[in-house]
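With full-length UniProt numbering applied, the sequence shown covers 1 to 618.
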Amino acid sequence: MSLVDLGMDAPEQLGPRLHRVRRHPAMRDGARLATDVYWDGSAPLAGLAARPVILERSPYDVRAERPSDGWHADRRHVTPESGAQFFVDRGYVVVRQDCRGRGGSEGTFAKYVGEAADGFDTHAWLADQPWCDGTVVTQGVSYSAHTQTAAASVGARPISAMIVDSGGFSSAWEAGGRFGGAYELKQVIWAWRRITQQAARTPPGDAPAVTEPTITEDELRGWLSAIPWRRGHTPFAAHPDFEDFILEQWSHEDLDAFWRQPGLQARDYYDRFPACPVLAISSWYDPYVFTAVDTYAWARSVDPRSCLVLGPWTHGARSRTHAGDVDFGSAATLDGNLAPDYLELKATWLEQAFGGAGRLAPVTYFLMGGGSGERRGGRLDHGGEWRTATTWPPAETAAYALHLHADGGLRVEAPTEPGEVTYEFDPREPVPSRGGGITSGEPLMSGGAFDQVAPLPGGASMLPLSARRDVVTFETEPLPAAVAIAGPVEVEVEVSTDGPDTDLTAKLVDVHPPSEDYPRGFAMNVTDGMLRLRYRDDPTRPTLLEPGRVYRVTVRLPDTANLFAPGHRIRLDISSSNFPRCDVNPNTGRRVFDDRTRRVARTTVHLGGSRVVMRRLP
C-alpha cells in the first residue's frame with residue numbers, strides 16, 4: 001500500500017547531530033497527520049542511509065513536553081527534542097505523530113476508535129520511506145500505548161518490537177473504559193481537563209469554540225451525580241468531539257461490537273499481531289495492570305524475548321517513590337534500580353531484544369511491604385523490594401484462600417455453619433473513591449494507596465469507610481508471621497439481592513496496626529475490583545437477577561504483590577459502589593445510561609462458600 005505524502009515543512013537543525021522535519025502523510029481518507037521526523041543530519045533525509053525507526057503516536061501534541069516523559073529523578077530533563085536525540089545518537093530515526101484531530105493533524109478526533117486505521121496507514125507510509133530499513137519499534141505511554149496495540153490489531157507492518165507502557169487495552173470494557181461493566185468516569189474527567197487546559201493555552205480571540213468557558217470542578221462533580229445525560233445537554237455541549245465519544249462509550253453498556261473493535265479489545269486480535277518482542281510495563285496503582293499481564297502472556301507465547309515490568313507507582317509515575325499517601329522507599333523507582341533512567345531502560349531492552357547483552361529478567365515486579373510503618377515525609381513508610389521471576393504469576397506461588405465468616409473474620413478455615421451479612425446500598429449516597437488504579441481523575445479523585453477514610457474538602461478526613469452501613473468488612477487476626485502474595489486476586493462471593501441488578505465491589509486492604517504516628521492505624525488499599533451483576537455470566541448478554549436467589553459470582557481484582565507484615569491484618573471490604581471512579585448502578589435493572597430512577601438495594605453476602613483467593617509466595 002502506498003500513501004501520498006502531501007507537503008513537507010522546511011527542515012530544522014536543532015543541534016549538531018539533530019535535525020527535524022515535519023511531514024504530512026495522508027491517511028486513506030485524505031486527512032494529513034502532522035509527523036515529525038528526527039535524524040542525525042549526516043545527510044539530507046531523502047539521501048539518508050536506511051536505518052531502524054522508533055515510532056510514537058500521541059494525542060498530546062508531539063512538540064509539547066509531557067510529565068510521563070520527564071519523570072527521570074531530575075537527572076535528565078526530557079523534552080521531545082532531547083528524547084529524540086537519545087535514540088538518534090544510537091542509530092535510529094525517531095518519528096513522532098499527532099493523532100488525527102490533535103496537535104497539527106487534520107481530521108476529527110474520535111478517542112481510541114480511529115487509531116487502528118491511522119496506525120496501519122502510518123506504518124505503511126514508513127515502509128515506503130528510503131530512510132527506513134524495515135525495522136520499526138513502536139513505543140509510548142498511556143494513549144501512545146493504546147495506539148500501538150490498535151495498529152497491531154489490524155495487522156500493521158512493519159512492527160519489529162513494541163514498548164507498551166501503561167496502556168494498550170487488552171479489553172477496554174474490563175478496565176480502562178469500563179470496569180467490571182461499570183463506566184469509568186475518568187473518561188469524562190479526562191475530557192474536562194483537556195478542554196480546560198487547551199482553553200488556558202489559547203490566546204484570547206483565537207478558536208472561540210476552544211476558549212469558551214468550561215464548567216468548574218464543583219459543577220463537574222454535580223454533573224457526574226446527575227446522570228443520565230442527553231446530547232446537547234451535557235457539560236461538553238460546546239465541544240461535540242468530546243461529547244460524542246463520551247456518550248458513545250457510556251451508552252454501550254454491554255461488551256458489544258463497539259468495545260470489541262480493534263483498538264479497544266486487543267485480545268480478540270492477537271493472531272494479527274506481529275510475532276515480535278514486547279516490553280510491557282504497568283504498576284499496581286495504574287488502571288492497566290490487567291492489560292499489561294494479558295499483553296505479556298500473549299507476547300511471551302510468541303517471542304521469549306518479551307519482558308514484563310510491574311512497579312508500585314501510579315499511572316506512568318515510575319520515578320516517584322510514593323503512590324498517594326504511601327511511600328515505598330528509595331528502591332521503588334525505576335531510576336537507579338532497574339536502569340539509570342527510563343530512556344536507558346528502553347535502550348537496554350532493545351539491545352537485549354535484538355540479540356545483544358541484557359540483564360532484564362522475563363518478569364520484574366515490586367513486592368510492596370516490609371517498611372517501618374512510620375510517617376516519613378508526610379507519608380506512610382510501607383517499603384518494598386524488586387524481585388524477578390520467569391513467569392507471571394511467579395512459578396513459586398501457591399493458591400492461598402481466606403474464607404469470609406459471619407463474625408467478620410477472614411480465615412484459612414471455611415465456616416462450619418452457613419451465615420450471612422446484609423447491607424443496604426442507596427445509589428444516592430455512593431461509597432467515595434479512595435485511591436486505587438485511577439488516572440486522569442484529578443481534581444475529583446486520585447490514584448494510589450491511601451488510608452481508607454472518607455475525605456473531606458481541604459484534605460481532612462472523617463469516619464473510616466468501613467464504618468459505613470453499606471460497607472461490610474472481613475479481616476484476619478493480627479498476623480503472627482508475614483504473608484506475601486504476588487499474582488491475580490479473585491473474590492468468590494455467594495450473593496443475593498432484592499432487585500434485578502446491583503454492583504458488587506471488593507477491596508483488598510493491608511491494615512497497619514495503631515502507632516504513635518497513626519493512632520487509629522492505617523488501612524492501605526492494595527487492589528480493588530467490581531462487577532455489575534447483570535454481567536456475572538456473560539458480558540455480551542446481560543442477565544438480570546431473580547430477587548432473593550443466591551448466585552455465586554467472581555469479582556476479579558487487578559494483580560498485585562504485597563507483603564502483609566507480622567502484626568498487620570488482611571482485610572476485605574465489600575460494597576456496591578465506587579464513585580466517582582465509576583458510574584453508580586441505580587439497582588433497577590434498566591440501562592444505567594438512560595435511567596432516571598433510583599432504588600435502595602438490600603444485598604446479602606452468604607458466607608458458606610465466599611472467599612478471597614490469592615497467590616502466596618513461599
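Think of the CB as a built atom: it goes at the ideal place given N, C-alpha and C, for glycine as much as any other residue.
Look at HIS322 here: in three-state DSSP terms it is strand. Of the candidates LEU264, PRO586, HIS77, LEU463, LEU264 places its Cα closest to the Cα of ALA110.
Put simply, the backbone Cα of ASP538 is about 11 Å away from that of VAL553. Less than 8 Å divides the Cβ of PRO542 from the Cβ of ARG534. With respect to the 8 Å criterion, GLN139 and ILE54 are classified as neighbours on the basis of their beta carbons. Residue pairing for ARG536: DSSP places it in no beta bridge. Between the C-alpha atoms of ALA50 and PRO130 there is a straight-line separation of about 6 Å. Taking 8 Å as the cut-off, the beta carbon of GLU115 is found closer than this to the beta carbon of ALA150. About 4 Å separates the beta carbon of VAL509 from that of ARG571, a gap short enough to meet the 8 Å contact definition. Burial check for ASP583: the Cβ neighbour count within 10 Å reaches 16 or more, so the residue is buried. Residue state for PRO52 is assigned as strand, using DSSP reduced to three classes. Remark: three or more beta-carbon pairs, one from each stretch, lie closer than 8 Å, so the stretch 91-108 and the stretch 29-36 are flagged as touching.
Taking a contact as a CB-CB distance under 8 Å, the pair ASP40 and VAL21 does not count as one, their CB atoms being some 13 Å apart.
Nearest to ARG532 by alpha-carbon distance, out of ARG379, TRP192, ALA175, ARG611, is ALA175. In its chain, beyond the 5 residues on either side, PHE258 have a beta carbon closer than 8 Å to the beta carbon of GLU248. Under the 10 Å beta carbon count, ARG549 is surrounded by fewer than 16 other beta carbons and is classified as exposed. A direct Cα-Cα distance of roughly 10 Å separates ASP286 from GLY435. Ranked by Cα distance from PHE366, the options GLY91, LEU338, SER446 are led by LEU338. By the beta-carbon neighbour count (other beta carbons within 10 angstroms, threshold 16), ARG57 is buried. Per the DSSP secondary-structure output, LEU531 pairs in a beta bridge with LEU504. When secondary structure is reduced to three states using DSSP, ASP121 falls in the helix class. For PRO488, the enclosing beta strand (DSSP E) stretches over residues 483-497. Looking at the DSSP output, GLU385 sits in a beta bridge with LEU367. Check the Cα spacing between GLU494 and each of PRO432, HIS403, PHE450, THR476: the tightest is with HIS403. In summary, MET368 is buried, with 16 or more beta-carbon neighbours lying within 10 Å of its beta-carbon over all protein chains present. A direct Cα-to-Cα measurement between ALA399 and ASN525 gives close to 21 Å. Just so you know, the alpha carbons of SER433 and ARG320 end up roughly 22 Å apart. ARG260 carries a coil assignment under DSSP once its states are collapsed to helix, strand and coil. If you draw a straight line from the Cα of THR135 to the Cα of ARG598, it comes to about 56 Å. In the DSSP assignment, ASP89 falls outside any beta strand (DSSP E), carrying neither H nor E.
Checking the DSSP bridge columns, you'll see HIS24 has no partner listed. Here MET162 is buried, its C-beta having at least 16 other C-beta atoms within 10 Å. For HIS405, the closest alpha carbon among the candidates ALA172, ASP165, PRO415 is that of PRO415.
Within the same chain, ILE159, SER160, ALA161, MET162, ASP303 come within 7 Å of CYS276 by CB-CB distance, once the 5 residues on both sides are set aside. Residue pairing from DSSP places SER58 in a beta bridge opposite ASP98. Just measuring C-alpha positions, the residue of ASP325, GLY311, GLY358 sitting nearest ALA280 is GLY311.
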